[in-house]
Amino acid sequence: MSGWEEGDWRDESLCIFEESNLLNKMGLEFYDLSHPWGLGQPCWPYFEDVKIERLHSMSKSGVLTQRITTVMHSGTHIDAPAHVVPGTPFMDEVPLPYFFGSGVVLDIPKKKWELVTREDLENATPSVREGDIVIVNTGWHKYYGDNRHYYGYAPGFGREAGEWFVEKKVKMAGNDTQALDHPLATAIGPHGPGAPNGLLPDVCAEYKAETGRDVIEDFPEWEPCHNLILSNGICGFENIGGDIDKVSGKRVTFAAFPWRWKKGDGCIVRLVAIVDPTGSFRIETGSTE
């Protein structure tokens, strides 16, 4: 490599991006609330593995071209209303302003199988305003990975949370767990494709052993939060993580634009929280000068 060590070469190439200087000039702070995505990607229990193939490699072709095969509900992503509610908008039909705007990250720590309640949401700070994007940090993002703990034991939203989001007229909602609903109210429990025993029947059996009740007694509805918010035009983020702890309890500006995918049921996104400590940044006016 003409005297270059591979590590030196990579370090030198990254210098084309000067993040710290650019951010100093802008006066903004950016926080990535997305999990890293790639080979070995954690997947929901009934999804196929993500496949990434190199069609061209640098050594052979002088360019790098890759092909990805994936479901869009993989890693940090957004659900379109049409994901669960027939006759509602697909991803490309959701207006662009929904993917950008003010909102809050609520710090609501939860343990195994606990529900995020109306009281939790009402008492969390900052207070939620109409039109907000609302993200809930339960602390479960710390377990994100290809493991039973993250997918089978997670806390989550239920009917109460869904009703609260609708009443508050929020623009978007999401959390740092495997889905917009509690796992036992999804196909992981005895619902939909998981009926009658659940995709993870041993998890359902464990719930019965710990509580003395069948899952269906405590979670009689299939994805009530999904259905409530999506049918009311509130799209939902799932599997949020990254720097979420750094902005918990704060009001921020969010940006997360999906592909303009016709008839898309959802989309992998890079969810970003932006803070302007100086208050001096502005959006351009559209002037021609």
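Counting from 1, position 194 in the sequence shown corresponds to residue 195 in our numbering; the numbering is continuous, with no gaps.
Think of the CB as a built atom: it goes at the ideal place given N, C-alpha and C, for glycine as much as any other residue.
What number of angstroms, rounded off, separates the C-alpha of HIS84 from the C-alpha of ASP266?
Indexing the sequence shown from 1 puts residue 84 at position 83. Indexing the sequence shown from 1 puts residue 266 at position 265. Cα-Cα distance, rounded: 5 Å.
Any chance the region 226 to 241 sits against the region 160 to 169, with 3 or more Cβ pairs inside 8 Å?
The answer is yes - the region 160 to 169 touches the region 226 to 241, with three or more Cβ pairs under 8 Å.
Three-state secondary structure (DSSP) at CYS226?
Locating residue 226 in the sequence shown gives position 225, where the first residue counts as 1. Three-state DSSP puts CYS226 in a helix.
Whole alpha helix (DSSP H) runs in the region 148 to 201 with 4 or more residues, listed along the chain?
The alpha helix (DSSP H) runs of length 4 or more contained entirely in the region 148 to 201 are, from start to end of the chain, 149 to 153 and 160 to 169.
How about GLY242 and TYR145: do their beta carbons lie closer than 9 Å?
Numbered from its first residue, the sequence shown carries residue 242 at position 241. Numbered from its first residue, the sequence shown carries residue 145 at position 144. Going by beta carbons, GLY242 and TYR145 fall inside the 9 Å limit.
Report back the beta-carbon spacing between VAL137 and VAL117 to the nearest angstrom; my notes put them in contact at under 8 Å.
By 1-based counting over the sequence shown, the position of residue 137 is 136. By 1-based counting over the sequence shown, the position of residue 117 is 116. About 6 Å separates the beta carbon of VAL137 from that of VAL117, a gap short enough to meet the 8 Å contact definition.
Nearest-angstrom Cα separation, counted from GLU123 out to GLY41
Locating residue 41 in the sequence shown gives position 40, where the first residue counts as 1. Locating residue 123 in the sequence shown gives position 122, where the first residue counts as 1. Across the structure, GLY41 and GLU123 are spaced so that their CA atoms are roughly 38 Å apart.
Terminal residues of the beta strand (DSSP E) in which PHE253 lies
The residue given as residue 253 occupies position 252 in the sequence shown. The sequence shown places Val at residue 253, rather than the Phe named in the question. Annotation: the continuous beta strand (DSSP E) that includes VAL253 extends over 251 to 256.
Measure the alpha-carbon distance for GLY140 versus ARG149 and round it to whole angstroms.
Translated into the one-based positions of the sequence shown, residue 140 becomes position 139. Translated into the one-based positions of the sequence shown, residue 149 becomes position 148. About 16 Å.
What's the C-alpha gap between ILE134 and SER62?
Start at 1 with the first residue of the sequence shown, and residue 134 comes out as number 133. Start at 1 with the first residue of the sequence shown, and residue 62 comes out as number 61. Computed Cα separation, rounded: 44 Å.
Counted within 10 angstroms of its Cβ, other Cβ atoms place SER249 as buried (16 or more) or exposed
Start at 1 with the first residue of the sequence shown, and residue 249 comes out as number 248. Residue burial is scored here from C-beta neighbours: SER249 has at least 16 other C-beta atoms within 10 angstroms and is therefore classed as buried.
Going by other Cβ atoms of all chains shown within 10 Å of its Cβ, with 16 needed for buried, is ILE284 buried or exposed?
As a position in the sequence shown, residue 284 is number 283, starting the count at 1. When all chains shown are included, ILE284 counts as exposed.
Under three-state DSSP, which class holds THR52?
For the purposes of this step, residue 52 is taken as the residue at position 51 of the sequence shown. Note that residue 52 is Lys in the sequence shown, not Thr. Correct three-state label for LYS52: strand.
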